[in-house]
Amino acid sequence: MSTRTSSEDAAPVGVNQPVDETPDEEGAFPRLTDDQVATLEVGGTRRSVRAGEVLIREGAPSNDFFVILSGKVAVLDEGDGDGERRILRVHGPGRFLGELGLLEGQVAFFTAEAIEDGEMLVLPAERVRGLVAHDPVLSDLILRAYLVRRHLLIGLGSGFRIIGSCYSPDTLRLREFAIRNRLPHRWIDLERDERAEQLLRSLDVAPRTLPS
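Quick note, our numbering runs 623 ahead of the 1-based positions in the sequence shown.
Shown next, in the form of structure tokens:
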């Protein structure tokens, strides 16, 4: 199993270029009201960001909850070591970042990068849990959005990579674990996927160290 981070010199995506905000899908990307933002601001701080700044990095611990106050943020899939990054979503003011893993202490399954200069409201994840415990409406809004986002990520094949042979019992066990726990992932079959060798080289992983 491989959880990778994007390279520090990866090219910015969509910086200072017109990019439309992704429409809300089944309550996955709600916009907070002014009162809800005010509730969260009690436990947070405002922070200016520049276009191209990475707020959340795929494969790294994600301990902060971000509310976009101004500007836009792109949610990115870092690809499979081929340098290709794709925009999954774009969010504007009033929306919040993250998904279910933030509340469960998991690493991030995507990268979030500012594509415009703007301002964020930033809260530690544990503070968000405490604040929303006293606001059932806000709690339901965030939890529902995170559950739907997890479902969408699974459908897109985003998340960590499971690299192994279709004939490997260990690979099968890893895939079953990911499916059972609804973890966003992509399986790369060493026997059939032409990208497998390239990905292993980019990660500096020897085939003999993979599940067998």
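C-beta atoms are modelled at their ideal positions from N, C-alpha and C, and glycine is treated no differently.
| said: Let me confirm a value: GLY667 is counted as buried when at least 16 other C-beta atoms fall within 10 Å, else exposed. Which label applies? | reply: GLY667 is buried by the Cβ-count criterion.
| Taking the DSSP output, what are the residues bridged to HIS774? | Answer is none; HIS774 lacks a bridge partner.
| request: With DSSP as the reference, label ILE738 as helix, strand or coil. | output: coil
| field | Nearest-angstrom Cβ-Cβ length linking GLY675 and ALA737, presumed shorter than 8 Å | value | Taking 8 Å as the upper bound for CB-CB distance, GLY675 and ALA737 are in contact here, some 7 Å apart.
| task | Using three-state DSSP, classify LEU663 as helix, strand or coil. | result | helix
| message | Can you tell me whether LEU678 is helix, strand or coil according to DSSP? | response | strand
| query | Which first and last residues belong to the alpha helix (DSSP H) in which GLY751 is found? | reply | Note on identity: in this sequence residue 751 is Val, with Gly being the wrong assignment. Element bounds for VAL751: 748 to 755.
| message | Output needed for ARG711: all residues of its chain with C-beta closer than 6 Å, excluding positions within five of it in sequence on either side, in chain order. | response | The displayed chain sequence assigns Leu, not Arg, to residue 711. Hits under 6 Å: VAL698, ASP700.
| task | Return the first residue and the last residue of the beta strand (DSSP E) that LEU711 is part of. | result | 709 to 714
| field | Opening and closing residue of the beta strand (DSSP E) in which LEU699 lies | value | 696 to 700
| query | Does the beta-carbon distance from LEU692 to LEU744 come in below 8 Å? | reply | yes
| query | Got a sec? Which residues, its chain only, sit under 6 Å from VAL696 by beta carbon, not counting five neighbours each side? | reply | HIS714, ALA735, ALA737
| query | In angstroms, rounded to a whole number, what distance separates the CA positions of ARG654 and VAL751? | reply | 17 Å
| task | With a 10 Å radius around its C-beta and 16 neighbouring C-beta atoms as the bar for buried, classify VAL665 as buried or exposed. | result | exposed
| message | Distance check for VAL677 and ASP740, CA to CA, integer angstroms please. | response | 12 Å
| Terminal residues of the continuous beta strand (DSSP E) containing LEU720? | Neither: LEU720 is in no beta strand (DSSP E) and is coded neither H nor E.
| field | Buried versus exposed, by CB contacts within 10 Å (16 or more), ASP643 | value | Around the beta carbon of ASP643, a 10 Å sphere encloses fewer than 16 other beta carbons of the protein chains shown; the residue is thus reported as exposed.
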